[in-house]
Structure formats: C-alpha cells, structure tokens
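Position 251 (the sequence shown) corresponds to 251 in full-length UniProt numbering; numbering is contiguous.
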Amino acid sequence: MANPTAAPALQGEVGLKERFFRYFQHEVTALQEQMARLDSTAYTGGERNDAVDHCLAGIDRLSHEVKDASSYIPAYDQRTYSEAIKALSEKLQNIRDTFNPPKKFQFKTARKNPSAISLSDAAELAKQNKLRVPGYYSSDISTATSSFAPTPLDKLSPSEEKREQELIEKNEALGAMENEDAGASAVIRKPSFSNASSVTISNHSGLHIILPTSASHATSSGTVSNLRHCVVDLSPPTTNGGPFASLVLKNIKTSLIVCGRVSGPIHITGIEDCVVVTACRQFRMHGSKNVDVYLHCSSRPIIEDCEQIRFAPLPETYSTPEISTTANQWDQIDDFKWLKSEPSPHYSILSEEDRVSEGVWKDTVPGGHNVSLDDVLRAVTVLH
1 MANPTAAPAL QGEVGLKERF FRYFQHEVTA LQEQMARLDS TAYTGGERND
51 AVDHCLAGID RLSHEVKDAS SYIPAYDQRT YSEAIKALSE KLQNIRDTFN
101 PPKKFQFKTA RKNPSAISLS DAAELAKQNK LRVPGYYSSD ISTATSSFAP
151 TPLDKLSPSE EKREQELIEK NEALGAMENE DAGASAVIRK PSFSNASSVT
201 ISNHSGLHII LPTSASHATS SGTVSNLRHC VVDLSPPTTN GGPFASLVLK
251 NIKTSLIVCG RVSGPIHITG IEDCVVVTAC RQFRMHGSKN VDVYLHCSSR
301 PIIEDCEQIR FAPLPETYST PEISTTANQW DQIDDFKWLK SEPSPHYSIL
351 SEEDRVSEGV WKDTVPGGHN VSLDDVLRAV TVLH
C-alpha cells in the first residue's frame with residue numbers, strides 16, 4: 001500500500017526544485033547583465049574593480065547556494081548548475097583579461113578546457129532536461145531583462161567594504177541638508193546628493209529623511225543601512241524621474257523605509273520591527289523578522305531565514321503609470337527555507353483591516369507641522 005504522506009512530500013520537493021530553478025535562472029541573468037556593464041564602468045576611482053568584485057561575490061554566493069540545495073536537487077542537475085557557474089567564472093575572467101591585456105613577455109594563460117560547457121549551452125541543457133522535475137513548467141524569468149544587481153552585503157569583499165565606507169563618508173559630506181523645516185515637531189532632512197551618482201544613507205538614529213526630487217540623477221544604485229528609529233523616504237526622485245537600478249537595505253530596526261521604484265533587484269538583510277514599501281522587479285529578503293512589506297513585484301518574491309513577514313499590495317499613493325501596467329506577484333512568495341508542502345509559517349498576507357490607510361501614506365508619512373517622527377512610526381504601526 002502506498003504511503004499516504006509520500007505524495008505531499010514529493011509535491012513539496014518538486015515545488016522546491018522549480019523555485020530553485022527559477023531563482024537560479026534569475027541570478028544568472030542578473031550576473032550576465034552585471035558583467036555586460038563592466039566595459040562601460042568607469043576605471044577611475046576603483047569603480048570597475050568594485051564592480052568586478054561584485055560579480056565575483058555573486059558567482060561565489062550562487063555556487064554556495066547550489067551546494068546548500070544539494071539535499072533536494074539530483075546529482076545530475078547539480079552538475080548542470082555547476083557547469084553554468086563555471087561558465088560564468090570563465091566569462092568574467094575573459095572580460096577581465098580585456099581590461100588588463102598580457103604584457104609582451106608575460107606567459108600565456110593555460111588554454112581553456114575544451115570540455116567546459118558554455119553558459120548558454122548549460123542553460124539550454126538545463127531547459128531541455130527540465131531539471132528532471134516532474135510537471136516542470138517554463139518560466140519567463142530567464143529571458144527577462146535584468147539591471148545591475150549587486151550581491152547582498154553579507155557577502156562583501158574587503159575592497160567592497162572599503163568602498164562602501166568611502167561612499168558613506170563622501171555622501172554624508174556631500175549631503176549638506178538643504179531643507180530643515182523648523183516649524184515641524186521633527187526636523188525633516190533632505191540631503192542633496194548633488195554630486196553623487198548613487199545614494200548611501202547609513203548610521204543614523206531618530207531621523208526623518210526625505211530624498212528630494214533633485215537627487216534623481218543619483219539613482220544608479222542605493223544603500224540604506226545601520227538605522228534605528230528612523231523614517232526614510234526615497235520615493236520622490238523615482239516618482240517622475242528614473243527608478244533605482246538596484247537597492248540594498250541592511251541592519252535596520254524600528255523604522256519605516258519607503259523605497260520608491262527599483263527597476264532591478266532589492267536585497268534586504270537583517271531588518272527587524274520595520275515597514276518597507278517598494279515597487280521592484282526582484283525582491284529578496286534574508287534573516288529578517290517582524291516586517292510589514294507593501295510590495296509591487298513583477299517576479300515572485302523570495303525570503304530566506306525570515307520570521308513574521310507580512311505582505312500587502314503597494315499603496316496607491318506610491319503607484320505610477322509605469323507600475324500599474326506591469327504584472328504584480330506581491331503575494332506569490334517563495335520561502336527557500338520551507339521544504340514542506342503546506343504553506344510556510346514564516347510569512348502571511350496582511351489583512352485589509354490591518355493595512356495602513358491611504359490617508360496615512362498621503363498625509364502623515366511626509367511629515368510636516370505638528371507631525372513628529374514617532375507620530376509617523378505609530379501611524380504605520382512600527383510603534384504601538
């Protein structure tokens with residue numbers, strides 16, 4: 001007699017294989033696009049070296065995630081994934097060689113292994129074999145256009161850490177506060193970032209920060225980290241201007257972060273007791289707890305090692321014509337740390353009665369006269 005519990009377990013394993021395949025293709029596409037941008041990245045100031053380090057860290061992270069998934073991915077499929085990662089590494093090395101051509105008397109590098117499979121061949125092989133997943137269905141994620149996608153900050157290389165600190169110091173020096181509303185109960189700071197190409201907001205406590213529309217040229221990428229008891233609104237420059245290419249949130253507690261539009265990935269690591277509002281193409285959250293996420297996402301959101309994450313659709317206040325015409329999978333969450341067939345206990349859908357009202361987003365969150373920082377945090381349920 002068949003084991004009645006075997007079928008649900010098998011379905012759960014198959015579902016996990018499908019989710020990992022979608023995630024793997026998603027990450028490979030992002031890394032390919034990131035490498036394609038290297039040639040146009042400025043060499044001066046160490047920007048190109050940092051971009052190369054991002055690629056290396058991304059490939060290393062993907063390799064470790066394939067190893068972590070070995071418990072539910074067959075050996076044959078693991079080899080296919082490994083060949084794709086190997087092809088990525090070789091492609092990156094070839095690009096680096098064009099930046100630093102060998103000197104006249106330098107020994108030539110060893111000839112490429114003729115048996116090495118190309119990235120396109122590996123991807124096609126994986127697709128043809130459908131990763132040996134019963135009932136596999138094709139995903140369009142592998143063909144989607146991806147923006148520059150930095151790896152999460154928990155995988156920073158030493159040079160990246162140095163670069164991040166330099167950016168923090170530079171942007172905080174450049175970010176002379178243009179507008180302090182003395183009539184408000186809480187001072188609202190509007191850093192200019194007038195000479196910056198990216199946004200870094202870090203190491204603050206008890207501040208209400210609004211990015212002005214004049215910072216629309218600084219949205220190539222963004223990092224918000226190490227905040228406590230803050231309100232940060234990055235949406236103004238992305239409402240009528242261009243979106244962030246990518247965004248990283250890390251180590252934030254008891255805060256509201258309104259991210260605005262992100263054309264590529266948003267990576268969230270180590271945030272707790274917060275509310276996050278964003279419209280993005282890719283959503284990835286690690287190691288976070290007790291967070292309300294108001295989201296518009298054109299691909300399936302991914303969480304790992306998270307607890308008490310609640311999802312709701314993006315408030316109309318932050319919607320734009322560009323957002324409203326794209327697909328929204330805000331409630332199609334994949335939990336990569338939940339292997340069972342039943343729904344993950346690590347996230348839920350925020351009920352309509354518990355969602356913050358449009359009036360609060362429109363009138364209270366921007367702050368103003370007689371609206372304190374704590375008033376805003378209470379209105380969005382960060383504080384109770």
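All C-beta atoms in this analysis are idealised placements derived from N, C-alpha and C, irrespective of residue type, glycine included.
Simplified DSSP state of residue i, which is helix, strand or coil
i	result
Ala245	coil
Glu322	helix
Asp305	coil
Cys55	helix
Val365	coil
Phe336	coil
Arg132	The pLDDT assigned to Arg132 is 40, lower than 50, so where the model puts this residue is not dependable; a value taken from the coordinates is nonetheless given after this. Helix.
Lys253	strand
Tyr72	coil
Gly206	coil
Lys190	coil
Ser225	strand
Arg22	helix
Thr381	coil
Arg48	helix
Asp331	coil
Val376	helix
Val231	strand
Arg261	strand
Ser357	coil
Pro212	coil
Glu342	coil
Arg37	coil
Pro315	coil
Cα-Cα separation, residue i to residue j
i	j	result
His26	Ala84	13 Å
Thr223	Glu353	32 Å
Pro345	Asn94	45 Å
Gly287	Cys230	20 Å
Gly260	Lys362	14 Å
Arg281	Leu373	30 Å
Arg19	Tyr81	14 Å
Glu65	Val291	24 Å
Ser28	Arg48	Correcting the residue identity first, residue 28 is Val in this sequence and not Ser. One C-alpha to the other measures close to 20 Å.
Leu211	Lys340	42 Å
Ala69	Arg79	12 Å
Thr254	Phe99	44 Å
Ser299	Phe336	15 Å
Leu383	Phe244	28 Å
Asn129	Ala57	Residue placement at Asn129 is poorly supported in this model, since its pLDDT is 46, which falls under 50; the coordinates are not used for a value here.
Val380	Val365	8 Å
Phe24	Val360	38 Å
Leu62	Leu31	10 Å
residue 420	Val258	Look at the range of the chain in this structure, 1 to 384, and you will see that residue 420 is not part of it.
Thr213	Ser198	14 Å
Gly368	Arg378	15 Å
Leu247	Asp97	29 Å
Asn370	Val376	11 Å
Arg284	Pro265	8 Å
Ser220	Asp273	28 Å
Gln308	Ala75	34 Å
Ala36	Leu207	38 Å
Glu304	Lys67	16 Å
Leu174	Asp39	Confidence in Leu174 is poor, its pLDDT being 39 and thus under 50, which makes the residue's placement unreliable; the coordinate value appears in the next sentence. About 28 Å.
Arg355	Val275	11 Å
Residues that residue i bridges to, as DSSP identifies them
i	result
Ile95	Ile95 pairs with nothing; no bridge assigned.
Ser348	Arg310
Gly289	Per the sequence presented here, residue 289 reads as Lys, with Gly not at that position. Glu272, Glu307.
His296	Ala279
Arg284	His267, Ile302
Val371	Gly368
Thr200	Thr223
Cut-off 7 Å between Cβ atoms - residues of its own chain near residue i, not counting five sequence neighbours on either side
i	result
Ser89	Ile59
Phe311	Val293, Leu295, Trp330, Asp331, Ile333, Tyr347, Ile349, Leu350
Glu358	Pro315, Glu316, Thr317
Lys250	Leu153, Ser225, Thr269, Gly270
Beta-carbon proximity list for residue i, same chain, < 6 Å, skipping 5 on both sides
i	result
Asn203	Asn226
Asn328	His296
Ala215	Phe193, Pro237
8 Å Cβ shell around residue i - same chain, five flanking residues per side excluded
i	result
Ile323	Arg261, Ala279, His296, Leu314
Ile209	Ile188, Arg189, Lys190, Pro191, Ile201, Cys230, Val231, Val232, Asp233
Any non-hydrogen atom of the ligand MN within 7 Å of residue i CB
i	result
Leu256	Questions concerning the ligand MN fall outside what the structure shown contains, since it holds no ligand whatsoever.
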